[in-house]
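Working notes for the structure below.
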Amino acid sequence: MSDSQKPLDQKVLEWLGKHGYPLEMAVASEFSRLDLDVTQSGYYEDPETQQPREIDVVAEYVLTGEEREIIFNLVFAVECKKSNVPWVSFRSTTEQEPNLASFGWVRNLSGWEVKEQLDEQSGFATAGPNVHKANLSTGLAVANFSNKESNKNGDAAYKALLSSCKSAQSLVDKADRRQFAPANNLEVLIATIAMPLVVLDAKLFEASLDEEGTVQVEEVRETIVAFRYPVSKKEYRSPIQVRVMTVSGFAQFVESLRFLDEMLSGDSSYLDKAYDTFKSSIDPGKLMVT
């Protein structure tokens, strides 16, 4: 059957599948099942150009302090990609320390203080290996297997990493503008940690050197790429660690979030402690965000 003879609904379905929209909808649906606040095909302000850009899915936990005026947002900024060719991550042989700092999540200072208090209270950075993946080596880059697709799309892998990082940065910047705004004057803290993710509807491989210096290739469900975000703020001197996962890898990730949800929504005294520590140590005049 030629394209001209196909029913319109079939053409629409094929177009949706070609551009990855079913994947985007499925990712949003999985996050919604966990009762996260989910935005699909939302917009953010590009930190580099200040122009509006689209991000496929933003999902976030929103928690508040019991006695203090603090809002904690743990955000997942997700770029969804469908590819006809595999992606390959070039893995470093350097193992990462099992803590959140080594994973370079994008955060503001009040978000970092929440992380510190939560870690002290419940071992946040090390208690959830399926969330933090401290056991994974870090890739130095990720690329499309086919140069033809890379040339056609201008390196889809790089663009996906960049988009997820920029949206994460933008969400943190937005939180800072709100909490440092004159109308708020740090009365309400908006602590934010943003995790960039790429969910891939394709095969994913890691390439590495063994002890003899021979290249080894292994199919994986997930890899972590140390992405050197080119317009990142000065305080983020280390690469941002972006998790790239296949559809099956994302399913495992979602299950691990159930554990994280129990940790975050249990005893929330860590938020009040973070508020007190942050307020006592910060000079607002030196950190005003415009």
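So for the sequence shown, our numbering puts the first residue at -16; every next one is plus one.
We put the beta carbon where it would ideally sit given N, CA and C, even for glycine.
For residue i and residue j, what's the separation of their Cα atoms in angstroms?
i: L17; j: R241; result: 7 angstroms
i: L46; j: S248; result: 8 angstroms
i: Q104; j: E49; result: 16 angstroms
i: W88; j: L243; result: 16 angstroms
i: R90; j: L172; result: 13 angstroms
i: Y253; j: E189; result: 38 angstroms
i: K209; j: V225; result: Looking at the sequence provided, one finds Ala at residue 209 rather than Lys. A209 and V225: Cα-Cα distance of roughly 6 angstroms.
i: V203; j: S150; result: 26 angstroms
i: A274; j: D250; result: Since the first and last residues shown for the chain are -16 and 273, residue 274 lies out of range.
i: R160; j: V182; result: 29 angstroms
i: D156; j: Y212; result: 15 angstroms
i: V200; j: L144; result: 21 angstroms
i: L92; j: P30; result: 18 angstroms
i: E7; j: S264; result: 41 angstroms
i: V97; j: S24; result: 28 angstroms
i: D193; j: R74; result: 11 angstroms
i: E245; j: A126; result: 36 angstroms
i: E132; j: A11; result: For E132, the predicted model reports a pLDDT of 47, less than 50, meaning its position is unreliable; a value from the coordinates is still stated below. Rounded to the nearest angstrom, the two C-alpha atoms are 26 angstroms apart.
Taking all protein chains shown into account, decide if residue i is buried (16 or more other Cβ within 10 angstroms of its Cβ) or exposed.
i: P165; result: exposed
i: A234; result: exposed
i: L83; result: In this predicted model, L83 has a pLDDT of only 40, less than 50, meaning its place in the structure is not dependable enough to derive any value.
i: E62; result: buried
i: H115; result: Confidence at H115 is low in this model, with a pLDDT of 49, below 50, so the placement of that residue should be treated as unreliable; the coordinate-derived value is given next. Per the 10 Å Cβ criterion, buried.
i: Q162; result: buried
i: K142; result: exposed
i: Q313; result: In the structure as shown, the chain starts at -16 and stops at 273, and residue 313 therefore has no counterpart that could be examined.
With distances taken from CA atoms, which of the options is nearest residue i?
i: K186; options: T229, A174 and F236; result: T229
i: I207; options: V200, L19 and I223; result: I223
i: E99; options: R211, T175 and F73; result: T175
i: G94; options: W70, M178, K65 and G196; result: M178
i: L154; options: L144, E28 and N67; result: E28
i: L19; options: P5, T32 and A60; result: A60
i: V41; options: L101, E96 and L57; result: L57
i: Y44; options: S15, W70, S24 and Y26; result: S15
i: V198; options: S72, E245, F236 and D102; result: S72
i: A9; options: D39, S66 and D102; result: D39
i: P35; options: I53, W70 and S146; result: S146
i: N167; options: E52, T32 and V21; result: E52
- Would you list, in sequence order, the uninterrupted beta strand (DSSP E) runs of no fewer than 3 residues that lie entirely inside the stretch 145 to 211? 172 to 184, 187 to 192, 198 to 202 and 205 to 210
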